[in-house]
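Taken in order, these protein sequences are the chains called A and B.
For the first sequence, the numbering used here assigns the number 396 to the initial residue and increments by one for each residue that follows.
For the second sequence, the numbering used here assigns the number 396 to the initial residue and increments by one for each residue that follows.
Only one structure is covered here, and it is reproduced in the block below.
Number of protein chains: 2
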Amino acid sequence: MIGKSIIGFSRAASNGRTFNAVDPSTGHNLEPAFHFASSEEVNLAVRLAAEAFETYGRATGRQKGILLSKIAANIEDISDDLVVRASQETALPPARIKNEIARTCNQLRLFAELVEEGSWVDARIDCGDPTRTPLPKPDVRSMLRPLGPVVVFCASNFPLAFSVAGGDTASALATGNPVIVKAHHAHPGTAQLVGLALSRAVRECDLPEGVFSLIYGPGSDVGTQLVQHPSIKAGGFTGSRTGGSALMQAAANRPEPIPFYAEMSSVNPVFILASALRDQTEAIANGLAASVTLGAGQFCTNPGLVFIPDVGSEEFIARMSALMAAASPFTMLTSTICSAYREGTMALNANARVRLVSAGQSGIQDAAARASLFETDANSFLEDRSLCTEVFGPATLLIKYSSRAQLIACARSLEGQLTATIHGDEAELNHSNDLVGILEQKAGRVIFNGFPTGVEVGHAMVHGGPFPATSDGRSTSVGTRAGLRFTRPVCYQDFLDSALPDELKDGNPLGIWRLIDGDMTRASLTVAV
Amino acid sequence: MIGKSIIGFSRAASNGRTFNAVDPSTGHNLEPAFHFASSEEVNLAVRLAAEAFETYGRATGRQKGILLSKIAANIEDISDDLVVRASQETALPPARIKNEIARTCNQLRLFAELVEEGSWVDARIDCGDPTRTPLPKPDVRSMLRPLGPVVVFCASNFPLAFSVAGGDTASALATGNPVIVKAHHAHPGTAQLVGLALSRAVRECDLPEGVFSLIYGPGSDVGTQLVQHPSIKAGGFTGSRTGGSALMQAAANRPEPIPFYAEMSSVNPVFILASALRDQTEAIANGLAASVTLGAGQFCTNPGLVFIPDVGSEEFIARMSALMAAASPFTMLTSTICSAYREGTMALNANARVRLVSAGQSGIQDAAARASLFETDANSFLEDRSLCTEVFGPATLLIKYSSRAQLIACARSLEGQLTATIHGDEAELNHSNDLVGILEQKAGRVIFNGFPTGVEVGHAMVHGGPFPATSDGRSTSVGTRAGLRFTRPVCYQDFLDSALPDELKDGNPLGIWRLIDGDMTRASLTVAV
């Protein structure tokens with residue numbers, strides 16, 4: 396492993412500034428040192444990407460599917476090395492890293508299937524009519540096309556599934572966009588291993604080198620340069636609200652604004668209705684404590700707010716309290732994330748309207764965090780908006796409500812969320828249309844009797860939600876709909892059949908689903924007589 | 396007709412400031428005076444819209460279809476009055492207004508059909524598997540849902556089809572969003588007539604009054620207030636780059652940024668290849684002159700740049716010159732638009748690298764404009780970026796190229812466009828993959844052997860394009876895809892069937908197309924054994 400950026404098929408390290416990854420469980424530096432990319436190296440990566448787009452943007456679904464499958468296979472080949480390095484860099488247990496490798500490869504293969512099948516392009520044909528009066532009706536056809544080079548920022552909390560070859564990269568590559576990845580400073584070695592596997596796949600597929608580059612450097616510098624570069628056409632980011640908002644603004648304030656998909660901040664409220672509290676106390680407390688502490692609470696979907704009925708909540712709280720108190724200390728991803736977590740829990744501790752119910756065991760490392768359970772009441776929650784702030788880590792805040800009206804008021808007061816969850820029995824859920832109606836306006840995903848962590852990767856998943864959960868609530872960063880973020884519809888009027896993309900040709904050579912004169916069909920186009 | 400805003404089912408005029416429409420063909424004021432809405436009236440309209448969204452956002456496709464059809468019928472009922480008033484306010488001929496009324500009603504009915512059929516919601520179901528290990532697989536379903544109250548700005552150049560009940564309003568209402576329309580100061584009376592017809596339809600359908608309001612007032616004031624209001628969730632605009640950019644920034648800089656769809660500026664390049672110049676001189680010159688001068692050139696799709704081969708262009712230029720010189724003077728929509736047109740043509744006249752080929756007849760009114768034909772060469776075009784600026788009106792600039800490389804360089808140099816057109820014979824078009832490849836990155840619609848004016852309203856149309864053609868190149872403002880602008884996917888995990896929207900219920904009661912485990916089908920969901 397050498398500490399250099401991957402610029403197309405070359406390695407670059409003209410900049411003398413370097414940084415090292417840190418093992419969060421020891422606080423010690425890990426070798427090698429990684430060079431920040433220079434401004435020229437960043438520009439070269441973008442130029443190569445723009446050149447590659449001219450061919451890769453027109454690659455067939457089959458070609459892109461082979462690339463994605465090859466990337467997955469290459470990652471599996473280095474799985475053992477990845478487990479070692481990623482565990483060192485993140486303090487996440489090897490079993491979690493193995494799961495994340497599997498998820499990453501599954502995502503890549505799901506997108507490979509999607510583009511090999513091909514119907515995702517939303518092909519539409521409105522047949523012409525030369526005999527129409529007063530003017531002939533033109534033949535109009537359209538489909539989704541890639542935007543162009545995309546910059547992807549690795550996420551601290553998903554060293555694989557939302558990093559170099561993660562969901563953003565897979566969805567951008569699947570839909571025909573070259574990708575430039577900005578590595579996360581917390582796991583540069585993991586990024587390098589995956590980056591080399593990805594770059595090898597590009598070469599093995601005889602695709603142009605600019606299809607992929609991996610850049611090291613600080614987000615405030617290299618990241619901003621990438622977002623502002625005129626040849627970059629979109630961006631994907633998973634991280635903090637501060638970082639995401641700054642990049643959103645940079646993207647919006649360009650001479651040519653570009654879409655920037657930042658997945659930022661969510662407290663994932665859980666609403667426990669009276670029937671659930673009555674019948675499912677133990678199961679919900681167990682499930683919730685596990686969800687709050689999973690991965691040291693370092694998930695975007697971590698349940699940070701739990702609304703419970705005031706009456707009858709003693710047993711539930713006692714159970715949650717015991718579970719959280721018994722939790723071993725957690726080593727967080729970085730000492731910075733751990734400091735932010737400590738500040739967040741200290742702010743709750745210092746809030747006169749909030750009570751610390753219990754805390755887990757403490758550790759000695761810089762990056763060691765204790766699980767924390769807090770409680771407050773609905774009136775306090777409604778009056779103090781600071782209680783909605785995400786505390787990233789293994790903490791949650793119970794909010795006791797004394798009436799349905801209070802519950803509804805709390806739901807209405809929320810900002811945009813990735814998820815919202817309701818626990819209740821069948822009768823009570825069926826009488827919660829009002830709550831469901833509010834929550835589907837607030838969140839990308841509404842869950843019955845489950846827990847928000849564990850995001851299923853499929854066609855129907857929505858991992859998105861109104862601002863500030865994401866920069867653009869019209870999108871998802873997980874599941875096959877994620878590819879749509881990096882596309883735009885392009886229309887072809889009165890084209891020769893031979894000049895049309897295969898997806899729009901009369902004969903439907905790819906056999907895809909198309910909307911012909913408003914009707915969904917896989918048939919070829921029969922010529923009107 | 397009374398000069399007051401329509402706030403839900405009430406009329407409002409608490410503000411003393413008024414303005415009058417002007418007949419551009421006489422310069423005289425038209426009665427009555429229209430009151431600017433007060434800030435309180437604007438807030439009331441938004442509050443009503445937010446309240447209405449709680450029910451209208453969950454209205455069925457059938458209910459929304461009936462509303463849209465009723466709006467169309469109510470507009471047809473007042474067609475005669477509309478023709479008189481709209482012609483007075485815009486100087487557009489009655490025949491054009493009649494056509495625009497027909498297009499407006501067709502658009503409304505197309506959206507009615509779309510939502511009554513229902514498959515547009517992109518329903519997706521990934522079936523659960525309780526037996527999966529290590530964790531059960533949840534049942535995940537998702538579909539598109541409305542964003543919330545939308546503000547729509549009327550377009551100066553489409554008093555009907557892109558104004559009160561135009562494409563933006565139809566697409567927002569169809570997808571479940573209440574609409575607040577800001578009238579254009581050039582045609583407030585037309586807005587009022589249509590607004591009353593629309594408001595009557597809302598009442599006739601027993602829908603909440605906040606589904607629709609119509610507001611008078613300056614864009615810089617009332618318009619900005621609307622875009623910045625926290626309860627407004629999206630905006631639609633057709634107009635100048637200056638106005639659109641200001642509103643885009645206002646939308647992006649809100650505490651909660653919202654999508655803002657501005658259709659702004661396009662010069663709609665036309666590329667004439669050698670074979671077309673050779674074989675189709677007369678047909679192309681005739682078609683082009685008609686397209687440039689149609690509606691006094693006041694179309695977003697007006698062809699403002701025409702690239703022609705240097706060699707053999709004399710006859711084509713002579714023909715175009717004669718046609719443009721013979722054009723009668725045009726009365727433009729407003730004296731402001733006409734002044735801007737005169738400034739634009741004067742700037743071309745004053746440019747040493749541009750030659751005025753011919754000018755049409757001149758008129759005496761303030762708003763009278765002459766057709767103008769200019770020419771330059773490709774080198775000048777490539778060196779002077781001011782030649783890409785849109786001149787809104789009946790003018791076009793011929794650019795003579797002397798090589799294929801120059802043609803390609805010109806294409807590459809363009810900003811984002813609504814349309815791009817290529818004229819050539821079959822052999823030459825089939826050898827123009829390079830040009831098509833560039834243009835499909837630059838434009839929303841690429842046309843073979845046609846003219847960009849005349850936007851067919853259907854399922855496949857794309858009236859959009861990369862910035863600055865629009866604020867968001869991922870969208871179209873014409874055709875059924877336009878509705879997607881005002882939606883976001885919402886996901887339901889492990890929901891009770893009874894609590895799901897009909898579109899996602901097991902039995903598929905609406906009979907819509909759905910993606911079940913990745914396969915497109917209209918079947919109901921068979922329970923896995």
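No residue lacks a Cβ here, since even glycine has one placed at the ideal position from N, Cα and C.
Between the alpha carbons of residue i and residue j, how many angstroms are there, rounded?
| i | j | result |
| --- | --- | --- |
| B/E484 | B/M396 | 14 Å |
| B/L895 | B/T570 | 18 Å |
| B/L782 | B/F776 | 6 Å |
| B/V417 | A/R636 | 49 Å |
| A/V662 | A/L899 | 44 Å |
| B/T413 | B/A722 | 37 Å |
| A/S866 | B/P652 | 8 Å |
| A/M659 | A/L813 | 9 Å |
| A/A465 | A/A596 | The question names Ala, yet the displayed sequence has Lys at residue 465 of chain A. Each residue's alpha carbon lies about 6 Å from the other. |
| A/A444 | B/F862 | 20 Å |
| A/A766 | A/I667 | 21 Å |
| B/A790 | B/G699 | 7 Å |
| A/G523 | A/D912 | 10 Å |
| B/I842 | A/E785 | 50 Å |
| B/A560 | B/G832 | 36 Å |
| B/G878 | A/D914 | 17 Å |
| B/M741 | A/P625 | 31 Å |
| A/L926 | A/A815 | The structure shown does not extend to residue 926 of chain A, since chain A spans only 396 to 924, so no value can be given for it. |
| A/F557 | A/L728 | 15 Å |
| A/S757 | A/T726 | 10 Å |
Got a sec: is the Cβ-Cβ distance from residue i to anything in chain B below 7 Å?
| i | result |
| --- | --- |
| A/D889 | yes |
| A/V924 | Note that A/V924 has pLDDT 43, beneath the 50 cutoff, so the model's placement of it is unreliable and the number below is only indicative. No, A/V924 lies away from the interface with chain B (no Cβ there is under 7 Å from its Cβ). |
| A/I496 | no |
| A/P698 | no |
| A/G562 | no |
| A/D820 | no |
| A/N410 | no |
| A/A773 | no |
| A/G913 | yes |
| A/G868 | yes |
Between the Cα of residue i and those of the options, spot the shortest distance and give me the residue it belongs to.
| i | options | result |
| --- | --- | --- |
| A/G860 | A/F429, A/S464 and A/Q836 | A/Q836 |
| B/F769 | B/A763, B/G758 and B/G739 | B/G739 |
| B/G590 | B/F843, B/F404 and B/L609 | B/L609 |
| B/R498 | B/I470, B/V547 and B/L728 | B/I470 |
| B/G638 | B/I679, B/V622, B/E778 and B/S757 | B/V622 |
| A/A680 | A/T848, A/A646 and A/M715 | A/M715 |
| B/F846 | B/A685, B/D779 and B/G422 | B/A685 |
| A/L792 | A/R807, A/S798, A/A800 and A/N746 | A/N746 |
| B/G543 | B/A581, B/I627 and B/A518 | B/I627 |
Hey, is residue i close to the ligand MN, as in C-beta under 6 Å from one of its heavy atoms?
| i | result |
| --- | --- |
| B/V478 | Of ligands this structure carries none, so the ligand MN is not represented either. |
Step through the CB atoms of chain A and report whether any lies within less than 7 Å of the CB of residue i.
| i | result |
| --- | --- |
| B/M856 | yes |
| B/I667 | no |
| B/E898 | no |
query = Which runs of the beta strand (DSSP E) spanning at least 3 residues fall entirely within the stretch 570 to 603 of chain B, listed in chain order?
reply = DSSP runs (the beta strand (DSSP E)) wholly in the stretch 570 to 603 of chain B: 574 to 577.
ask   = Touching or not, the stretch 841 to 855 of chain A and the stretch 869 to 877 of chain A, by the rule of three or more beta carbon pairs under 8 Å?
value = yes
query = In the stretch 414 to 471 of chain A, which residue ranges form an unbroken beta strand (DSSP E) of at least 3 residues, counting only runs that do not cross its ends?
reply = Counting only runs of 3 or more, we get 423 to 430.
ask   = Taking only runs of the alpha helix (DSSP H) that begin and end inside the stretch 461 to 546 of chain B, which ones reach a length of at least 4 residues, in chain order?
value = 474 to 485 and 489 to 512
key: Entirely enclosed alpha helix (DSSP H) segments - the stretch 773 to 847 of chain A, minimum 4 residues   = 773 to 778, 799 to 808, 821 to 825 and 828 to 837
message = Ignoring anything shorter than 3 residues, give me the beta strand (DSSP E) runs that lie fully in the stretch 876 to 907 of chain B, in order along the chain.
response = 882 to 888
query = Of all the alpha helix (DSSP H) runs that stay within the bounds of the stretch 668 to 708 of chain A, which reach a length of 4 or more residues?
reply = 669 to 674 and 676 to 688
query = Would the stretch 811 to 831 of chain B and the stretch 670 to 677 of chain B be scored as touching if the rule is three or more Cβ pairs under 8 Å?
reply = yes
ask   = Touch check for the stretch 499 to 513 of chain A and the stretch 533 to 547 of chain A: three-plus C-beta pairs under 8 Å?
value = no
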